[in-house]
Amino acid sequence: MKLGISPLLLLAVAGLAAFGARAEQADRTRPVQIEADSVRLDDLNKTAVYEGNVMFTQGTLTITADRVDVRQDDKGLASGEATGQPVFMRQKMEGRDEYMEAHGKRALYDARTGIVKLIGNAYINQAGDELRGGVIVYDMRTERYQAQGAADDSSKGRIRAIIRPRTTQETGAAKP
Numbered sequence: 094m095k096l097g098i099s100p101l102l103l104l105a106v107a108g109l110a111a112f113g114a115r116a117e118q119a120d121r122t123r124p125v126q127i128e129a130d131s132v133r134l135d136d137l138n139k140t141a142v143y144e145g146n147v148m149f150t151q152g153t154l155t156i157t158a159d160r161v162d163v164r165q166d167d168k169g170l171a172s173g174e175a176t177g178q179p180v181f182m183r184q185k186m187e188g189r190d191e192y193m194e195a196h197g198k199r200a201l202y203d204a205r206t207g208i209v210k211l212i213g214n215a216y217i218n219q220a221g222d223e224l225r226g227g228v229i230v231y232d233m234r235t236e237r238y239q240a241q242g243a244a245d246d247s248s249k250g251r252i253r254a255i256i257r258p259r260t261t262q263e264t265g266a267a268k269p
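End of the sequence shown sits at 269 in this note's numbering; the numbers just go up one at a time, nothing left out.
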C-alpha cells in the first residue's frame with residue numbers, strides 16, 4: 094500500500110487550521126500525526142476517510158472531529174471536510190503565548206479557492222476576540238473573514254462579535 098494521499102492530507106489539515114495568518118508558522122514543517130478508529134485510503138481515486146474520534150496533530154495544531162474526508166483533484170489540489178459535534182481546532186499563535194480556537198459542526202477547506210468555512214454554530218476565538226455565527230468563512234488569500242447569522246442563508250439569526258481592547262504593549266504603540 095502506498096500512502097500517496099499524505100501530501101494532500103497535509104494541505105487539507107493546514108487549510109482547515111488556517112483561520113488567521115498569525116498561526117504558528119513552524120507547525121507547517123512538523124509531521125502530521127493522525128489517530129482514528131478507522132481509515133479508508135483510496136490511492137486510485139485520491140481520497141481518504143478517517144472515522145471515529147479523529148485527531149490530527151501537527152506541532153501546536155490539534156483538530157478533532159468525528160469524521161474527516163480528504164480529496165485531491167487532478168491538479169494535486171486538496172479539499173477536505175470535517176464533521177463532528179463539534180469539529181474543534183486549536184493552534185498557537187505566532188510569537189505569542191496565546192491560542193486560536195475554532196469550532197463548528199462542519200469545517201470545509203478548498204485549496205483551489207483558499208477558502209476555509211465553518212458551518213453550524215461556528216465560533217472563532219483569537220487572543221480573546223470572538224466571532225460567532227451560523228457560518229464563518231475565511232479567505233486565506235485575502236486574510237478576510239465573513240460571517241452570517243444562519244447556516245442556511247436565511248435571514249434568521251445574527252452574528253456576534255466580541256473585540257477586546259488592546260493594551261499599549263499589545264499594539265506596539267508608543268505612550269504619549
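Just so you know, even glycine gets a beta-carbon here, dropped at the ideal spot from N, CA and C.
Please read these numbers as outputs of a predicted model, since none were measured by experiment.
Extent of the continuous beta strand (DSSP E) run through Gly87 = Absent from the model: residue 87. The displayed extent of the chain is 94 to 269, so no value can be given.
inquiry  = Buried or exposed, going by whether 16 or more other CB atoms sit within 10 Å of the CB of Ser68?
reply    = Limits of the chain in this structure are 94 at one end and 269 at the other, which puts residue 68 out of reach.
query = Thinking just about the alpha-carbon of each residue, which of Val230, Gly226, Ile217 is nearest to the one in Thr206?
reply = Val230
task = To the nearest angstrom, report how far apart Arg253 and Pro179 are at their CA atoms.
result = 19 Å
inquiry  = Just verifying my parser: in three-state terms, what is the DSSP assignment at Ile252?
reply    = coil
ask   = For Arg189, which residues from the same chain have a beta carbon less than 6 Å from its beta carbon, with the 5 sequence-adjacent residues on both sides left out?
value = none
request  = Report yes or no: do the stretch 182-199 and the stretch 212-222 share at least 3 C-beta pairs separated by less than 8 Å?
outcome  = yes
ask   = Taking Thr235 as the reference, which of Tyr143, Arg259, Val209 has the closest Cα?
value = Val209
message = Can you list, in chain order, the residues of its chain with a C-beta nearer than 7 Å to that of Arg257? Leave out the 5 residues immediately preceding and following it.
response = Gly221, Asp222
Candidates Gly250, Asp120, Asp203, Gln151, of which the one nearest Arg164 by Cα = Asp203
message = In this structure, how does DSSP classify Asp167 when only helix, strand and coil are distinguished?
response = coil
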